[in-house]
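Everything on this sheet refers to the single structure shown next.
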């Protein structure tokens, strides 16, 4: 399942939409997400999702989906991109689990 987390933008074709970070986290925890696109929203941010994902990868060996950022907020985008890089390093180094 491809998940698009955003509380304002229209959902691209082929993606399932969630408005809030906790919805994205719930779907991630279910193991059904193959691709994830994150934004910076009023209720919470994609960074909240990435913190959960980073912890899951680092401590439980969770296999992350492909993740991208579609936030227009440049500082939020940069922060999330750095978190995605950290998650990738955990996966690459085999530090999870």
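Numbering (full-length UniProt numbering), first residue to last: 1 to 97. Even for Gly, the Cβ is constructed at its ideal location relative to N, Cα and C. All of these numbers come straight from a predicted model, not from anything done at the bench.
**Asked** For residue 9, does the three-state DSSP call read helix, strand or coil?
**Response** coil
**Message:** Going residue by residue through the UniProt domain "Cyclic-phosphate processing Receiver" (1-85), where are the continuous alpha helix (DSSP H) segments of at least 4 residues, counting only ones entirely within it?
**Reply:** 21-30 and 46-60
**Asked** Helix, strand or coil for residue 94 per DSSP?
**Response** coil
**Asked** In angstroms, rounded to a whole number, what distance separates the CA positions of residue 12 and residue 91?
**Response** 28 Å
**Message:** If I measure Cβ to Cβ from residue 21 and keep anything under 6 Å in the same chain, skipping five residues before and after, which residues do I get?
**Reply:** 44, 48 and 49
**Asked** Rounded to the nearest angstrom, how far is the Cβ of residue 64 from that of residue 57, given a contact under 8 Å?
**Response** 6 Å
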